[in-house]
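Numbering (the numbering used here), first residue to last: 10 to 226. Just so you know, even glycine gets a beta-carbon here, dropped at the ideal spot from N, CA and C. Given the structure is predicted, the values throughout are model-derived calculations rather than measurements.
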């Protein structure tokens with residue numbers, strides 16, 4: 010309720026901190042001008058026996074307005090970047106972005122003498138899927154991939170029916186086990202066209218080996 014107020018306020022409050030109960034502190038509560046249904050507040054703490062002057066509260070409100078403006082600008086920039094990099098239908102990286110990531114990770118793996126596994130995943134009989142069901146089928150496959158890959162793995166869409174998964178540090182045998190699991194799980198997916206099947210190619214660079222486009226092919 011304090012954060013939904015329109016004017017800066019100050020209140021005394023006692024609460025538990027990381028080291029246990031704290032003495033009462035004086036909080037300046039500055040509502041942030043965030044459009045509905047959002048809300049927020051800037052909290053500034055000082056010792057309980059020193060109150061904030063009206064000028065101090067006004068200054069805090071100016072800082073809050075600046076912070077909100079900066080946040081809005083950052084959010085807008087992030088949305089523009091996402092639109093440029095993310096495939097709208099699948100929610101994973103576009104072809105040119107995943108290709109840049111592949112080159113970067115292969116160079117990194119070569120420099121660090123580490124392995125890099127790559128999976129190329131195709132949705133079988135994609136051309137037979139009715140246009141109205143394509144988006145749902147693609148999303149079902151992407152959700153499955155995301156559930157099974159590890160944190161740090163990178164997913165991109167290289168064509169309407171194919172995806173590339175880059176797995177830094179993954180050995181070929183482990184990547185192949187993952188591919189087998191994805192194939193088995195895909196057949197159990199609930200999709201608008203019934204049973205889906207995947208075809209997956211797997212490769213991996215060895216530590217110190219310099220890879221290239223031939224690895225993907």
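Query: The beta strand (DSSP E) enclosing residue 54, as first and last residue numbers; Result: 50-56
Query: Classification of residue 93 by the beta-carbon crowding that lies within 10 angstroms, buried from 16 upward; Result: exposed
Query: Selected residue, minimal CA-CA separation from residue 129, among 195, 208, 121, 90; Result: 208
Query: Cα-Cα separation, residue 196 to residue 144; Result: 18 Å
Query: Simplified DSSP state of residue 197, which is helix, strand or coil; Result: coil
Query: At least three beta-carbon pairs within less than 8 Å, the segment 94-112 to the segment 67-75; Result: no
Query: Nearest-angstrom Cβ-Cβ length linking residue 148 and residue 214, presumed shorter than 8 Å; Result: Wrong, their Cβ atoms sit about 30 Å apart, outside the cutoff.
Query: Cβ neighbour criterion (16 or more within 10 Å) applied to residue 80; Result: exposed
Query: Which of helix, strand or coil DSSP assigns to residue 171; Result: strand
Query: Cβ shell of residue 204 (< 7 Å), same chain only, five flanking positions each side left out; Result: 196
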